[in-house]
Amino acid sequence: MKRKTTDTISIIVFLLPALILFFGILVLPMVLSGYYSLFEWNGVGDMKFINFGNFKEMFTSDLVPMKAGLLHALLLAGLSVGIQLPLSLGLALMLGRGIKGERFFLSINFLPVLISTVVIGKLWSAIYTPKGMLNNLLRSLGIIGEKNILWTNDGKNGKLLLACIIPMLWQYVGYHMLLMYAGVKSVAPELREAAKIDGATTWQVDRHVVIPSMKQVLKVSVIFAVTGSLKAYDLISILGGNKNSSAAVPSTLLMNQMFDANRVGMGSAIAVIMIILCFAFAVLINFLFRERD
Amino acid sequence: MAKKKDSFNPDQYAIQKSSPVFRVVSTVLLIIWSALNLYPLFWMITFSLKDNMQITKTAMYGLPKGAPSEWIWKNYKDLQIKDILMYFKNSAIVTFLAILISMIAAMMASYALMRIKWKFRGAINKMFMLGITIPVQASLVPVFIIAKNLGWIDTRMALIIPYAAFSLSMSILISNGFMTNIPMDLDEAAYIDGCSRYGVFFRIIVPLMLPAVSTIAIYSFLQCWNELMFASTFISTKELRTLPSGLRQLTGTYTTNFGLVGAAITVATIPTIIIYILLSRKIQESFIAGAVKG
Amino acid sequence: MKKILATLLVVAMVLSLAACGDKNNTTNNSSNNTPAGAVDMTKSCSLTMWCIAVETDSNRASYEHAIADMKAKYPNIDFKWEATQNDDYKPKIKAAFQADAVSDIFFTWSCAFLGEFVKAGKVYCLDEAYKEFADKIDMGRMCKNTTYDGKKYGVPLTMNIVALFANMDILKSVGYDDVPATYEDLLKCCEALKAKNIIPFGCAAAADQTWCVTEYVEPIIEKACGAKVLDDIFAGNASWDNADVAKAVNIFQDMINKGYFDPDGAGLNNDTVKNNFIAGDYAFYMNGSWNCADFAKVDGLNVKVSEFPVIDASKSKLGQLIGGPSDTLAVWNGSKNAAVAAKYTLEMGQLLSKYGYLDGCGLPAWKVDYDISNINPLTKKVAEIVNNSDYMVLFGDTAMKAEDADKYLKEIAKVYGGEVNGTTFTSDLKNSIR
Chain A
50 MKRKTTDTIS IIVFLLPALI LFFGILVLPM VLSGYYSLFE WNGVGDMKFI
100 NFGNFKEMFT SDLVPMKAGL LHALLLAGLS VGIQLPLSLG LALMLGRGIK
150 GERFFLSINF LPVLISTVVI GKLWSAIYTP KGMLNNLLRS LGIIGEKNIL
200 WTNDGKNGKL LLACIIPMLW QYVGYHMLLM YAGVKSVAPE LREAAKIDGA
250 TTWQVDRHVV IPSMKQVLKV SVIFAVTGSL KAYDLISILG GNKNSSAAVP
300 STLLMNQMFD ANRVGMGSAI AVIMIILCFA FAVLINFLFR ERD
Chain B
2 MAKKKDSFNP DQYAIQKSSP VFRVVSTVLL IIWSALNLYP LFWMITFSLK
52 DNMQITKTAM YGLPKGAPSE WIWKNYKDLQ IKDILMYFKN SAIVTFLAIL
102 ISMIAAMMAS YALMRIKWKF RGAINKMFML GITIPVQASL VPVFIIAKNL
152 GWIDTRMALI IPYAAFSLSM SILISNGFMT NIPMDLDEAA YIDGCSRYGV
202 FFRIIVPLML PAVSTIAIYS FLQCWNELMF ASTFISTKEL RTLPSGLRQL
252 TGTYTTNFGL VGAAITVATI PTIIIYILLS RKIQESFIAG AVKG
Chain C
9 MKKILATLLV VAMVLSLAAC GDKNNTTNNS SNNTPAGAVD MTKSCSLTMW
59 CIAVETDSNR ASYEHAIADM KAKYPNIDFK WEATQNDDYK PKIKAAFQAD
109 AVSDIFFTWS CAFLGEFVKA GKVYCLDEAY KEFADKIDMG RMCKNTTYDG
159 KKYGVPLTMN IVALFANMDI LKSVGYDDVP ATYEDLLKCC EALKAKNIIP
209 FGCAAAADQT WCVTEYVEPI IEKACGAKVL DDIFAGNASW DNADVAKAVN
259 IFQDMINKGY FDPDGAGLNN DTVKNNFIAG DYAFYMNGSW NCADFAKVDG
309 LNVKVSEFPV IDASKSKLGQ LIGGPSDTLA VWNGSKNAAV AAKYTLEMGQ
359 LLSKYGYLDG CGLPAWKVDY DISNINPLTK KVAEIVNNSD YMVLFGDTAM
409 KAEDADKYLK EIAKVYGGEV NGTTFTSDLK NSIR
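Here you go:
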């Protein structure tokens, strides 16, 4: 019994710092967002209770293109899981097998994460400019004709969404690669050797020995990739997608409503949707990875 | 030195014999991919030696125009290096303390969640995971109000505590992985020797958690180091500005000298990269140690 | 165990909630210190100011200059100022107002941006303070954008208008010694340029650059329909549903369709377009008068500045401009020294207007009583245009409420992309903007 009470106290003591941070800085804004989301409010004037009006509006009106925003975020999440992560995994496996200059490659490929997003954004703007690198490359390959593709145009002739997605996928390959590389490396060498002796090919070893033992790492990567996609903001905003553009994502819509349009209620409602969605995905991913245990 | 090197040798994990074709193909692929990832660094440095005309029109991708003596070295001369170092220092202080706080809080929480058996630990653990779902943009105003009432506005605390809070969930997630890896027998043995929970945590768990430190640090670092919105909203005093908001001083309303911005970013990024390269062995090593459990 | 944990959670919640319980206190206890009589400017106090003149901003020098003067004049006032980058400033100032923690003096944009704060009762009224300055400024014109319900809340600094910049070397090559003075002549000039494979106009229209398109559309609408029509629409006093506006928008689209604009424009940023103009890729560039100082600095660039020619002389005339006072300083109602801040701001605003003008970064909102012979010729010319003007309509995206401006810019982008014509433009905006 005595052990039990001291345990309770020590649990509290150990959890306290995290709980204070969590409730003070993270939960409170979340609660306030939930509260504000039920109002029409410009942030400084009177608040008008409108129930779920903001939620209704964002899914029915064109002025807050939340449906498109969510679609873009889900597309990004899908591409992130479908392209970025396999690429990272491929690189990690390749490096993990032992290649000359392994550590050099590992460090280089992590660099884009360390370089300021402003620089990355500027670089891609230069790549996308009408008479720029990308159009010239496509032209020399015979993919486009006389007319330039206007990558960063927001209209129906532009490719803004694609232009925003490409660098976002590219920039974080190294981030996931580093995580996964660690996973690859921590597979006991004896396991691999055993499989090899049994006559498995390199690919079979990866497929049946290495990848299954990396499940936890993969889970974390998928969670980071999906929640990161749902919250994406920086690069889109730097490449010009920060208004209600054709590349709008929930975060840009949130900023736009909250600080350009002075609609704190609507901005909060968007935040609520984002939180619910991220959490739902995190739970879902946990569930999917657990099921196969 | 030699001994240190022995502690991590990637080759010991590797299968020694893969086919030569595979080696050549993968090396070529890796070289191409690495070139793509190295280019931004090269571009950033050349960018800092150009003027606006070259950046937007005449020398967009490669070296600046003309001989090295004609490059726009002036960008570096015009730079207030002292200010940038000050911003760098502020960023370092804020980031370091934020990481420290979130790491301590995360390890303590992780200990209570992973090594003491009680009823709601699963639920509490899930609750903490909510933290990675919160968009920072939505919390700007509420956090401003909290910080104001605590008297933190225009002090480093206004950044340290929110940054710590926003990296908390990720730190707990990573910490949990490491924590489950430490055999429970160690705790039990210590209890039998008369250690309290606290004694176990500080004497046994913390030292064994050291490999987790760099993993947590690097993920938290990425979150805190480039944060701009809180930094520019909560801090007004120049002497307290962090790098991202300090560098924004170089972006004018209508005209911006992008070469100067490039020079500033280069000056600010190079130390980060050097530190990363110096630490990368350590970082990668600790990543591997903590990997399986994520 | 369960109970303790629950209690703990509740305590944490309450603690953090209590922390923001008293958020309305500051405004209440400090808004009542408006003095009846003269303001004592000799007592010591401290004032803070937030603005957007960051270290490399073109206005920086004028701020440093003006503040040095003010500090010398009022050594008793401890003045502290900090600049935040334009784009970061908007969330900052809005968050600060929501949290009631604003600097004593703050930079703002006129019309709708400041209006929101005024409506919420958070801005100090400057009527009393203005009394002393009645002869220093043309209040009717310059304070119009910061007057709400007949009360003045803002101090205008420098201002800018939309100007038509022409590369005279290029015009000369097609036989023009001066900027075409009539609309018909301008079109002829464009044809001549086209025949020589020179692109007449450069305009940026990549995502987020739509404001550059408005620098073309607004003067064209104004010169086709008259300033009053546009002003009423921007101010919300008239509907967008106006056949003349639709026609003017069609005129603009016609110019695009005829190939008078860089076909790549829809994918370009303003920085690139501006550099293209400097490099001689375009004959004309229509943009804000803040470009004057930059163009004047380029060696060998022979630029003339003028206003867009009149399109329909029965409705508009020269001297109807787009632009006007937008950059403004205002005083927070919650300031402990609001009255002192008000007087200080007015004096400083006057200096900022002067130094900004002398540096060529804008036109003075305050009357000129100093030597201007050293100002660059382009800025001087624009000042002349403004002096001869009789109607200035503020930039649409500043004049309108943020929410409406957003819809407006989106629709403008569609005009440039050819996705809508004049009629659909006006009817779309009629429906979306109340």
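From first to last, the protein sequence lines stand for chains A, B and C. For the working numbering, add 49 to where a residue sits in the first sequence, where the first one is 1. For the working numbering, add 1 to where a residue sits in the second sequence, where the first one is 1. For the working numbering, add 8 to where a residue sits in the third sequence, where the first one is 1. All residues carry an ideal CB built from backbone N, CA and C; glycine is no exception.
- The three-state reading of DSSP puts G207/A in strand, counting E and B together.
- Counting the other CB atoms within 10 Å of its CB gives S27/B a total of 16 or more, which places it among the buried residues.
- Take the alpha-carbon of L223/B and the one of G191/A: they are about 40 Å apart.
- Within 10 angstroms of the beta-carbon of Y378/C lie fewer than 16 other beta-carbons, which makes it exposed.
- Annotation: Q224/B has no Cβ neighbours in chain C at a cutoff of 9 Å; minimum Cβ distance is about 19 Å.
- Judged by their CB atoms, C369/C and S66/C are nearer to each other than the 7 Å cut-off.
- The contact set of I193/B on chain A, defined by CB atoms closer than 7 Å, is empty, because the minimum CB distance reaches about 13 Å.
- Taken through DSSP and simplified to helix, strand or coil, C53/C comes out as strand.
- Inclusion of L276/C and F141/C in the CB contact set at 7 Å is not warranted, their separation being larger than that value.
- Shown in chain order are the members of the stretch 89-105 of chain C whose Cβ falls below 7 Å from a Cβ of chain A: K98, P99, K102 and F105.
- In this structure, S168/B and A99/B form a Cβ contact; the two beta carbons are roughly 7 Å apart against a cut-off of 8 Å.
- Take T252/B, set aside five residues on each side of it, and the residues of its chain with a beta-carbon closer than 7 Å to its own are V262, in chain order.
- Per the C-alpha coordinates, the member of I169/A, A126/A, G150/A and S300/A positioned closest to L37/B is I169/A.
- Scanning S111/B, L241/B, L80/B and R116/B for the CA closest to the CA of A264/B turns up L80/B.
- With contacts defined as CB atoms closer than 7 Å, T201/A and A214/C qualify as a contacting pair.
- Taking every protein chain shown into account, the CB of V187/C has 16 or more other CB atoms within 10 angstroms, so this residue is buried.
- Linking P271/C to V318/C through their CA atoms gives a straight-line distance of about 25 Å.
- Here the C-alpha atom of I206/C lies approximately 57 Å from the C-alpha atom of S54/C.
- Contacts with chain C at 7 Å (Cβ-Cβ) do not include S197/B.
- Under a 10 Å Cβ-count criterion, E286/B is classified as buried, with 16 or more other Cβ atoms of the shown protein chains found around its own Cβ.
- The Cβ neighbour count for E124/C, taken over all protein chains shown within 10 Å, is at least 16; the residue is labelled buried.
- Scanning the stretch 106-168 of chain A for uninterrupted alpha helix (DSSP H) segments of 4 residues or longer gives 115-128, 134-145 and 151-163, listed from N- to C-terminal end.
- Contact residues of the stretch 44-66 of chain C toward chain B are W58, I60, V62, E63, T64, D65 and S66 (C-beta to C-beta distance below 7 Å).
- Below 8 Å, too few C-beta pairs join the stretch 189-198 of chain B and the stretch 152-167 of chain B to call them touching: fewer than three.
- Residues of the stretch 139-169 of chain B that bring their beta carbon within less than 7 Å of a beta carbon in chain C comprise L141, V142, F145, I146, I147, K149, N150, L151 and I154, in sequence order.
- In this chain, W117/C is not harboured by any alpha helix (DSSP H); it is covered by the beta strand (DSSP E) spanning I113 to W117.
- Residue burial annotation: A80/C is exposed, with fewer than 16 other C-beta atoms found within 10 angstroms of its C-beta.
- Counting only residues of its own chain and dropping the five nearest sequence neighbours on each side, R122/B has a CB closer than 6 Å to the CB of L114.
- In this structure, T280/C is the residue among I393/C, F87/C, G158/C and T280/C with its C-alpha nearest to the C-alpha of T256/B.
- When C-beta atoms of the stretch 149-161 of chain C are compared with those of the stretch 258-271 of chain C, fewer than three pairs fall below 8 Å, so the two segments do not count as touching.
- Only residues of its own chain outside the window of five on either side were considered, and among them V258 have a CB closer than 7 Å to the CB of L240/A, listed in chain order.
- In the structure shown, the three-state DSSP call for F403/C is coil.
- Not flagged as an interface residue toward chain C: T216/B, since no C-beta distance is shorter than 7 Å.
- In this structure, T166/C places its C-beta atom within 7 Å of the C-beta atom of S361/C.
- Proximity of chain A to Q217/C at the Cβ level (cut-off 8 Å) is accounted for by G289, in chain order.
- C-alpha of K97/A to C-alpha of W90/A: approximately 6 Å in a straight line.
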